[in-house]
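Heads up, the thing below is written out as structure tokens.
Numbering (the working numbering), first residue to last: 1 to 57.
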């Protein structure tokens, strides 16, 4: 999941009746982006990125 934002996103969050500053302080980007219609959920990708291992020597 992620989001697509621009200069109008803050106002879209406010227009949805949410407090963007409180959401920012609460690390609640999912709810903020969902309220602004800016949430991006690509769905299943068929890959398992949890199997990625990086070893540093």
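Ideal Cβ placement from N, Cα and C applies to all residues, glycine included.
Bridge pairing for residue 43: absent [DSSP]. C-alpha of residue 26 to C-alpha of residue 53: approximately 30 Å in a straight line.
Following the DSSP letters along the chain, one finds residue 15 inside the alpha helix (DSSP H) bounded by residues 9 to 15. In the DSSP assignment, residue 33 falls within the unbroken alpha helix (DSSP H) covering 29 to 36.
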